[in-house]
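**Student:**
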Amino acid sequence: MSWKHHLAVRIARSTGMQITRRGGRPAFVRRPHRLLRQPVFILSSVRSGSTLLRMMLNSHSSLYAPHELHLSKLRVEFSDHYITDSMGELGWDAQEVTHLLWDRVLDAALQRSGKQVLVEKTPHNVFIWPRIAQVWPDARFVFLLRHPAAILDSWTRARPQQTPQEAAESVGRYLTKLAEARRVLPGHTVRYEDLAADPTTETRRICEFLGLEWESDMVEYGRFDHGRIKAGLGDWTGRIRTGTVQPPRELPADVALPGPLFEVAQGWGYPARRDD
365 MSWKHHLAVR IARSTGMQIT RRGGRPAFVR RPHRLLRQPV FILSSVRSGS
415 TLLRMMLNSH SSLYAPHELH LSKLRVEFSD HYITDSMGEL GWDAQEVTHL
465 LWDRVLDAAL QRSGKQVLVE KTPHNVFIWP RIAQVWPDAR FVFLLRHPAA
515 ILDSWTRARP QQTPQEAAES VGRYLTKLAE ARRVLPGHTV RYEDLAADPT
565 TETRRICEFL GLEWESDMVE YGRFDHGRIK AGLGDWTGRI RTGTVQPPRE
615 LPADVALPGP LFEVAQGWGY PARRDD
C-alpha cells in the first residue's frame with residue numbers, strides 16, 4: 365500500500381475527514397454520520413484461531429461477535445448513468461454508498477442482538493483494512509497472530525487440493541496484509557498460542573483494551589449459543605465444536621518456512637529457519 369493510502373487512513377481516523385476528488389481536484393469532506401459506534405475488528409490470517417476468539421468474546425454480556433460477515437463481498441452497484449449522476453450530485457459514489465450499507469447492516473445486527481459492541485472477525489478483512497479504518501474512524505482493532513508454520517500446516521490440511529507452493533502463497537497474502545495493518549493501525553495484539561495456553565489472562569487483557577469488565581464466562585464459551593457452525597462462516601472442525609479451549613498442535617522443533625513466511629515469523633518473534 366502506498367504512503368498516500370496510509371496518510372488517508374490516518375487523516376480519517378484522527379479528523380473524521382476523507383480525501384476525495386471534486387472537479388478533478390483533491391478535496392477534504394466530512395464523512396457521513398455512522399450509526400455503528402466503536403466497532404471491534406479482529407484482524408488475522410486464516411487458520412489463526414479467530415473463531416475461538418470470537419466465541420470467547422461473544423460470551424461476554426456486552427459483546428456481539430457473530431459468524432464471519434464477509435463485508436468485502438457486500439457491494440452496491442449503480443445500474444446506469446442516471447443513478448451514477450444522481451448520487452454524484454450528493455457527493456457519493458458506489459463505494460461510499462456501499463459503506464453506508466455496511467454501517468446500516470452491522471448496526472442493525474448489533475441492535476437485534478441486544479448487546480452494546482459489535483465484533484467482526486472475517487479473516488478476509490485484512491485485505492480491506494484501509495476501508496474499514498476510514499469507514500469507522502473510531503473502530504478498534506485486535507490483531508490475532510499465530511506462528512506462520514502452524515497457519516500453513518492448518519491451511520494445508522484444510523485445503524489438500526493445493527500444492528505446497530499454492531498454500532504458502534495463499535497464507536503469505538494474508539500475513540503480508542496483516543503485518544501491513546499492524547504497522548499503520550493502533551490496536552491490541554494477541555498471540556493464539558498465548559490465548560490457548562492462558563485464556564483467562566488473554567481475555568482479561570482484551571477486556572482492559574476495550575474498557576470492559578472481564579467476565580469468567582468468556583473462558584467457558586461452550587455454554588453459550590454462538591449460532592450455526594458452518595463451513596465458510598468460520599472454523600467448522602471438531603476442535604471448535606468441543607466448546608472448550610484446545611491446546612494448539614505442536615510444531616516440529618526445526619521449522620523451515622519459505623522466504624516471505626520466514627520474514628513474518630522473524631518479525632513477530634516466532635522461531636523458524638528459511639527454507640531455501
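Using the working numbering, count along the sequence shown one by one with no gaps and you end on 640. From the three backbone atoms N, C-alpha and C, an ideal C-beta is built for every residue, glycine too.
Excluding five sequence neighbours on each side, which residues of the same chain lie with their C-beta closer than 8 Å to the C-beta of Leu539?
**Tutor:** Counting only Cβ-Cβ distances below 8 Å, and skipping sequence neighbours, we find Ser409, Pro512, Ile515, Pro624, Leu625 and Val628.
**Student:** For my contact list, Leu621 and Val481 are in at a C-beta cut-off of 8 Å; report their separation, rounded to the angstrom.
**Tutor:** In fact, because the Cβ distance is near 36 Å, the residues do not count as touching under 8 Å.
**Student:** Can you name the residues that DSSP bridges to Val483?
**Tutor:** According to DSSP, which records beta bridges pairwise, Val483 is partnered with Val404.
**Student:** DSSP has Val506 in a bridge; who is on the other side?
**Tutor:** For Val506, which the question treats as bridged, DSSP gives the partners Ile406 and His552.
**Student:** Just mark Arg468 as buried or exposed, buried being the case when its beta carbon has 16 or more other beta carbons within 10 Å.
**Tutor:** Exposed, because fewer than 16 other Cβ atoms sit within 10 Å of the Cβ of Arg468.
**Student:** How would you write the range of the alpha helix (DSSP H) that Asn489 sits in, first residue to last?
**Tutor:** Careful: Asn489 lies outside any alpha helix (DSSP H) and carries neither H nor E.
**Student:** Can you tell me whether Arg637 is helix, strand or coil according to DSSP?
**Tutor:** It is a strand residue.
**Student:** Does Phe442 have its Cβ less than 8 Å from a Cβ in chain B?
**Tutor:** Looking at the structure shown, chain B is missing, and only one protein chain is on hand.
**Student:** Where do the ends of the alpha helix (DSSP H) carrying Gly478 lie?
**Tutor:** Taken as a continuous stretch (DSSP letters only), Gly478 belongs to no alpha helix (DSSP H), as it is neither H nor E.
**Student:** Quick check on this structure: which residue in Val619, Trp632 and Pro611 has the alpha carbon closest to the alpha carbon of Arg638?
**Tutor:** When each option's Cα is compared against that of Arg638, the closest is Val619.
**Student:** DSSP has Tyr446 in a bridge; who is on the other side?
**Tutor:** None, per the DSSP bridge assignment.
**Student:** Nearest to Ile593 by CA position, among Arg418, Leu400 and Lys479, is which residue?
**Tutor:** Taking only the C-alpha atoms, the option nearest Ile593 is Arg418.
**Student:** Under a three-way DSSP split, which group does Leu438 fall into?
**Tutor:** Looking at Leu438 - three-state DSSP - the assignment turns out to be coil, as it is neither helix nor strand.
**Student:** Considering only their Cβ atoms, is the gap separating Ser423 from Met582 smaller than 8 Å?
**Tutor:** Cβ distance < 8 Å, so Met582 and Ser423 count as in contact.
**Student:** Alpha helix (DSSP H) containing Lys573: first to last residue?
**Tutor:** It is Phe, not Lys, that sits at residue 573 in the sequence shown. Counting along the chain, the alpha helix (DSSP H) containing Phe573 begins and ends at Pro563 to Leu574.
**Student:** In three-state DSSP terms, what is Leu542?
**Tutor:** Helix, per DSSP.
**Student:** Of the residues Ala595, Gly586 and Ser425, which one's Cα is nearest the Cα of Val609?
**Tutor:** Answer by Cα proximity: Gly586.
**Student:** Would you check if the distance between the CB atom of His431 and the CB atom of Gly598 is smaller than 8 Å?
**Tutor:** A contact, by the Cβ cut-off of 8 Å.
**Student:** With DSSP collapsed to three states, give me the class of Leu621.
**Tutor:** It is a strand residue.
**Student:** Taking 8 Å as the cut-off, does the region 495-514 touch the region 541-561 (at least 3 CB pairs, one atom from each stretch)?
**Tutor:** Taking 8 Å as the limit for Cβ pairs, the verdict is that the region 495-514 does touch the region 541-561.
**Student:** Of the residues Pro487, Gln402, Ile492 and Asp589, which one's Cα is nearest the Cα of Trp519?
**Tutor:** Of the candidates Pro487, Gln402, Ile492 and Asp589, the one whose C-alpha sits nearest the C-alpha of Trp519 is Pro487.
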